[in-house]
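So the protein lines, in turn, are chains A, B, C and D.
Count the first sequence with our numbering and you get residues 1197 to 1605, in order.
Count the second sequence with our numbering and you get residues 1197 to 1605, in order.
Count the third sequence with our numbering and you get residues 1197 to 1605, in order.
Count the fourth sequence with our numbering and you get residues 1197 to 1605, in order.
Number of protein chains: 4
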Amino acid sequence: MSQWSDRAYALFEEQQRDRGIDLAWVKEKLVRLQIETPSWGYGDSGTRFKVFQKVGVPRNPYEKFDDAAEVHRLTGACEAVAIHIPWDKVSDYQELKSYAESVGLKIGAVNPNLFQDDDYMLGSVTNANASIRRKAVDHLLECVDIMKQVGSNALSLWFADGTNYPGQGHLRRRKRWLQEALEETYRALSPDMKMLIEYKFFEPGFYHTDVADWGMSFQAAQKLGPQAEVLVDTGHHALGTNVEHIVSYLLDEGKLGGFHFNSRKYADDDLIVGSSNPYELFLIFYQILDAHLDEDVKVRETAENIAYMIDQSHAIEPKIPAMIRSICNIQTQYAKALLINHAELKEKQENNDVLGAENALRTAFEIDVTPLLLAVREERGLPPDPMRAFLESGYQERIAKRGVGGSSW
Amino acid sequence: MSQWSDRAYALFEEQQRDRGIDLAWVKEKLVRLQIETPSWGYGDSGTRFKVFQKVGVPRNPYEKFDDAAEVHRLTGACEAVAIHIPWDKVSDYQELKSYAESVGLKIGAVNPNLFQDDDYMLGSVTNANASIRRKAVDHLLECVDIMKQVGSNALSLWFADGTNYPGQGHLRRRKRWLQEALEETYRALSPDMKMLIEYKFFEPGFYHTDVADWGMSFQAAQKLGPQAEVLVDTGHHALGTNVEHIVSYLLDEGKLGGFHFNSRKYADDDLIVGSSNPYELFLIFYQILDAHLDEDVKVRETAENIAYMIDQSHAIEPKIPAMIRSICNIQTQYAKALLINHAELKEKQENNDVLGAENALRTAFEIDVTPLLLAVREERGLPPDPMRAFLESGYQERIAKRGVGGSSW
Amino acid sequence: MSQWSDRAYALFEEQQRDRGIDLAWVKEKLVRLQIETPSWGYGDSGTRFKVFQKVGVPRNPYEKFDDAAEVHRLTGACEAVAIHIPWDKVSDYQELKSYAESVGLKIGAVNPNLFQDDDYMLGSVTNANASIRRKAVDHLLECVDIMKQVGSNALSLWFADGTNYPGQGHLRRRKRWLQEALEETYRALSPDMKMLIEYKFFEPGFYHTDVADWGMSFQAAQKLGPQAEVLVDTGHHALGTNVEHIVSYLLDEGKLGGFHFNSRKYADDDLIVGSSNPYELFLIFYQILDAHLDEDVKVRETAENIAYMIDQSHAIEPKIPAMIRSICNIQTQYAKALLINHAELKEKQENNDVLGAENALRTAFEIDVTPLLLAVREERGLPPDPMRAFLESGYQERIAKRGVGGSSW
Amino acid sequence: MSQWSDRAYALFEEQQRDRGIDLAWVKEKLVRLQIETPSWGYGDSGTRFKVFQKVGVPRNPYEKFDDAAEVHRLTGACEAVAIHIPWDKVSDYQELKSYAESVGLKIGAVNPNLFQDDDYMLGSVTNANASIRRKAVDHLLECVDIMKQVGSNALSLWFADGTNYPGQGHLRRRKRWLQEALEETYRALSPDMKMLIEYKFFEPGFYHTDVADWGMSFQAAQKLGPQAEVLVDTGHHALGTNVEHIVSYLLDEGKLGGFHFNSRKYADDDLIVGSSNPYELFLIFYQILDAHLDEDVKVRETAENIAYMIDQSHAIEPKIPAMIRSICNIQTQYAKALLINHAELKEKQENNDVLGAENALRTAFEIDVTPLLLAVREERGLPPDPMRAFLESGYQERIAKRGVGGSSW
């Protein structure tokens, strides 16, 4: 590729300048795009039918950080790592934090687990049993405490709570219990901490999910206060849902806290982000980057402070390559969205020029951003092709000594 | 049927008393169930492929009221009739009101039409063109004025506004224009008026709909104030959506204003309510009747003041029979839901008895409520079988003189 | 209930005779309705997030048969039990067969497992690796051999084979490999054996499933010959799919081999059959019972030889009660469908009387068949309420000694 | 754009040669890609809520051909035009044929209309009324006769037939009536004619559609014989359906006759092809182009003889620009698919290299094919940007004299 990459970039630069794109701004945005990877994404996961075990999967939180550090070394985009409690439970969180820093990382969001203890079979914070609700809230408070120890500023909440049959649970009582749990947890947060509230259309609840859509996350967050925001998992919607519309709505309300990126064709398939319908990812970034330009400072600040996180289930993929691929897919669509000519688009929109506006947006999507990504990586001293660099690094061979049977969920 | 209906009711009564059901309360609730029918439901409608014209379809608002009066005469449940402006535009609304009263009816919700004027092709209150937005708001204000003339206390708002292509419209600007329009309209309401804000997943917007889900309706209403509430059209959701969960959520927040009833298997099919998945209708009424028993007075009052309305497209059905069938389907599922033993259900729920709770709820659905409905109708002096009574009444033959080519949308 | 059940049945009988229903025929059909339960339905199962373990779950195939025998003792409807290889692998299949017979059961369909061996991660009969394909076919042949040993006449095939990403597999090559595997297996069948080919919309394949819909099952079976038929799992369709239409289509083509019953609201939720949308189950039985009356003997024979089987995942339910509930739900909807007045329905259909035809069908669904089911059970010496009989039997307490950690998948 | 387009193409050429792509073959394929446009796509259409009328819409079949000729003049890809009877009914079909030829066109598929006559409200070939079925078959035969007059070799059949309510129609009888109608029509075909049978998930039938999925089209065609094939309308599937899998399946069976291209996000939205999820269109072309390389001559011939047709509803778009945009979108995705390195892809697939195979395919999608399309157009003497050429041509201004109120459906 190298023999023509310089010419490719020169041509790209010329083309974009002709289009009126400020490439310095584009590059700066690209350089600053940070995506948190989840510790559990390096371990084994699967479907309800089978978790296939892979050689070299990390056996403890420290090895997960090793793998995450490798992804960050190659991409320069993944400094923070989300942890999951108790999957990443350790006796000394100061030590975990220090270890992360020693390999060039920091700890990102803390994710409580309220769905794998036997007590939570019929709900955690919405369980009809008050002592189980208490236990669940205590775990939430424990996680806030861990946040303080590891220097995390985001509590990322997904509630698997729901029911499988009509009548099984009392929906309004469960709604109130949920809010009570959130309120007690919210009060424990330090002022610099965010609470991110995720919603999900279904699964594992197959009749109802207590936090089923963005509206329920939003309203819960609204009642709590400014530190509570909505977390959008791209796979957690009914088929057909216009996710970028929800993103734009939350931006306008100043309540978009972050993303769990992944992709899907059917349900919550948790595939590699951008692999199923790449245009959708581009359209999400269009909404976000457009909000960067909003006249309202609150909207701009919301857009600039989104926590981008990956949350996928690599059931058949090699773990580290899957993560690298995910990062590259995000960078690709983000780069395309950075090339939108907002002035042209706005003019077409204001003139109700349907096809002209669609074309103005689509033009950016059709651009091959490979030369741009290569240039940015080279400028930063990163490998131009992170996947190839990984495959040639010998890292996978070195971790093979871990054997099979590492961490899984 | 008559020869054994008395015995059937006697047995029914005994069975329900054994179950601990208060039949006097049940009957009172049934008697008080009023469902508004829409004037346009008596006219021709169809699909984008064809509007089939029927003999005897009303040619003007007055004939629509005649038909609605016939439905009310036979069911005793449909005193109010929703009107649609300009479909029901008349020169003298006092006269229209008087006519309605003269045939035993009153005028229910007023529905503005913001989707059939050529100007609205690319949006009404969210059109990029300010003068079209102005025109749309003026129409909303005109409808508030008509409300005052006809004695209506509900403004029922559905916005067909949306876009077909990514980039076509600017989502956040459109969101703000929508809110501005609502606010201006809200300020024009009298204190006894409600504004009901409907949402819709898609169609006629095929990329995005400005008010796409309950969360967007809710947040718009929340900002406006207590007279604004959410209108749930049962067909306006993504497939799989748990509609009764949304209903319960809105009840708990005190923001459920009303329903547009219909049923569907696929998209917004606008079929006869209760015909596609009758259990879903039962489950919606379960949520509502459970809210009637809430300890929170606001929840109770919300549940007791829901505006039940029909909004269907009778593309192939004879119009008046379709309406009668719809009313009977609603009464059937409402009656079943009235037979839920809430004490038993609550006990099972509190004990996390999954199958027991499901069974407690389902038991009510399995009851044949025909004897109950017959008894209530007889006590009220109504025909026991409204459909048969209609078919035998000669009404259809009388309106045949109207010919074909009456009202349609 | 007992004090008025006789009167209830007498009234029911009178009502149905007035409707022209032949109750002797109805009862005979009900008595002959047999539903196969799956051995794995008695063990632990769950979602990808967690398999909750229950006390008393069987620890081996023999204990699964014990539980199945209890269900059959209480319902009289579940003589056959499907087995899953290798989950039910034993050293001596003759002994397994004898054990089944000793507890009043027989062995039903044999189900190969081609999705839990590590080799099958990227496909079994459609794996790009020829030696894995060979291994998979050998397992299919092993299962045919087991069929001969246990006296089973149905090979029930579900292929989890599929891909997660575009390009991952070559779709046409995989299609041909599948057909080759089926052909080799088909040739091994004895003349009295059936091969039932299941299809599934998605999961665990999240991009494509090699046998994705009824058309692919059908065409595979068509090429194989008369012993191959389609197996319909009610949960394996895209949302909105008209399952009863597919059922009627397969009946007309003489290719409907059997059902895996369960219910769902979203994806393949594997909930208790009839719990999510009971009307759909009724409509399936309407198609089947209508085919019982077809003038074409092939259609009639197909309808009369359907293998009814349950295939659910009882993630949160007690296992035996879940199975009893499933059987009762099936009997309820089947009984309602038996009460359809086909002559009336046909007349309305032939006259293009839309509402009349719909009403003729719906009338049967609205009937409370509890008196009928009670009467049939009493006539057969079965407990009138199988669930209550189980809960009072002490069986659950006796199997508690098995502890936790029994079979699961 | 012109100042750097030569350099862009030179670089493109070098890059693709490095990838092992045979650009001569690619260009030849691109030149030979012909897409039929539908006469009705130039007229007004809309949603059930409103058909917005546009200035300049053709008033008769001849003007539709004028517009189609303009599209062909600008794109070189649209020689054939599909007609719809009776929308394009003329007294002299020879004259229509001659007119088409005089403007550089030929007549493509003939499309009967069996859904807009009042008689067809409850079905055409599947109507319970035998005389309506007869009328419908007579119309099919009339269309075959018109085919002979206009030199068309494809009869394109879409049946709107279906029902709205359970019980409304007898599904198996309707299935048989449909087959009878197809058989009588099939017998009337000349040996060089194809019958293309379309299927549709739903709409306007909202309970069931007689030809609901590819399996039903396929089995109908299979029974008829080799001249009958399946027509895939990309918008006629349940959400989530893997359309390219169906395409590959039909190719392998030698039964893929053609496409109706359009795109959608929700139901059958009939938007501009490639606008909603462009990657899906690319994946469809991947399957087709892969089949071009099949070792089986039947598969190759099927792939090479696909009838590509557009079928959209331009509810808000200017008609001719919408058509040009559609053609360009198809060319773009087709061009990308032509750049797939099949040898590399095959090697990755055979090695079960999940991420490698996905990347091999995706790489082609990421390529910007603008330089290639420009080069091919220039070589053919076509305008490099057909849309701009149209907007600058003055054609739209010239047809404005037609006024509003032209053809619509």
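Positions of the beta carbon are idealized from the N, C-alpha and C atoms, including for glycine.
Beta carbon proximity, residue i to chain B, threshold 8 Å
| i | result |
| --- | --- |
| Gln-1529(C) | no |
| Ala-1332(D) | no |
| Phe-1208(D) | no |
| Ala-1585(D) | no |
Identity of the residue in the options nearest residue i by Cα
| i | options | result |
| --- | --- | --- |
| Leu-1557(B) | Phe-1478(B), Arg-1269(B), Asp-1218(B) | Phe-1478(B) |
| Lys-1223(C) | Gln-1527(C), Asn-1458(C), Ala-1463(C) | Gln-1527(C) |
| Gln-1592(C) | Gln-1212(C), Glu-1259(C), Asp-1406(C), Trp-1200(C) | Glu-1259(C) |
| Glu-1574(A) | Leu-1270(A), Ser-1235(A), Gly-1242(A), Ile-1231(A) | Leu-1270(A) |
| Leu-1337(A) | Asp-1486(A), Leu-1569(A), Glu-1380(A), Ile-1512(A) | Glu-1380(A) |
| His-1404(B) | Lys-1371(B), Asp-1315(B), Ile-1342(B), Gln-1290(B) | Lys-1371(B) |
| Ile-1520(B) | Val-1495(B), Leu-1427(B), Phe-1586(B) | Phe-1586(B) |
| Phe-1455(B) | Asp-1564(B), Lys-1293(B), Lys-1396(B) | Lys-1396(B) |
| Leu-1392(D) | Tyr-1361(D), Ala-1531(D), Leu-1446(D), Leu-1292(D) | Leu-1446(D) |
Near the ligand GTP: residue i beta-carbon under 7 Å from a heavy atom
| i | result |
| --- | --- |
| Ala-1305(B) | Ligands displayed in this structure: none; no statement on the ligand GTP is therefore possible. |
Extent of the continuous beta strand (DSSP E) run through residue i
| i | result |
| --- | --- |
| Phe-1457(A) | 1452–1457 |
| Glu-1425(A) | 1424–1429 |
| Pro-1308(A) | 1302–1308 |
| Met-1389(A) | It is not in any beta strand (DSSP E) - Met-1389(A) carries neither H nor E in the DSSP assignment. |
| Ser-1352(D) | 1350–1353 |
Contacts that residue i makes with chain B (C-beta to C-beta distance below 7 Å)
| i | result |
| --- | --- |
| Asn-1537(C) | Those within 7 Å of Asn-1537(C) in chain B number zero; the least Cβ separation is about 14 Å. |
| Tyr-1395(D) | Simply none; closest approach about 15 Å. |
Residue i at chain A interface by Cβ criterion, 8 Å
| i | result |
| --- | --- |
| Ser-1444(B) | yes |
| Phe-1248(B) | no |
| Glu-1554(B) | yes |
| Met-1389(B) | no |
| Tyr-1361(B) | yes |
| Asp-1465(C) | yes |
| Ser-1589(D) | no |
Neighbour list for residue i in chain A, Cβ cutoff strictly below 7 Å
| i | result |
| --- | --- |
| Gly-1365(B) | Gln-1545 |
Amino acids of chain C, ordered along the chain, whose beta-carbon sits closer than 8 Å to that of residue i
| i | result |
| --- | --- |
| Thr-1243(A) | Arg-1244, Glu-1399, Pro-1400 |
| Leu-1318(A) | Ile-1512 |
Closer than 8 Å at the beta carbon, the chain B residues around residue i
| i | result |
| --- | --- |
| Thr-1566(C) | Glu-1562 |
Interface flag, residue i vs chain D, CB-CB below 8 Å
| i | result |
| --- | --- |
| Gly-1436(C) | yes |
| Ala-1377(A) | no |
| Pro-1474(A) | yes |
Proximal residues of chain B, C-beta to C-beta of residue i below 9 Å
| i | result |
| --- | --- |
| Asp-1409(D) | Within chain B, no residue comes near Asp-1409(D); the closest Cβ sits about 13 Å away, beyond 9 Å. |
Interface flag, residue i vs chain C, CB-CB below 8 Å
| i | result |
| --- | --- |
| Ser-1348(A) | no |
| Met-1197(D) | Unreliable placement is indicated for Met-1197(D), whose pLDDT of 46 sits below 50; the coordinate value is still reported in the next sentence. Met-1197(D) does not count as touching chain C. |
| Lys-1371(D) | yes |
Exercise. Relative to chain A, which residues along the stretch 1497–1530 of chain C have a C-beta separation below 9 Å, given in chain order?
Worked result: Those residues of the stretch 1497–1530 of chain C that come within reach of chain A (Cβ to Cβ, closer than 9 Å) are Ser-1509, Ala-1511, Ile-1512, Glu-1513.
For this session: Check distances from the C-beta atoms of the stretch 1445–1463 of chain C to those of chain D and list, in chain order, the residues that come in under 8 Å.
Result: Tyr-1445, Leu-1447, Asp-1448, Glu-1449
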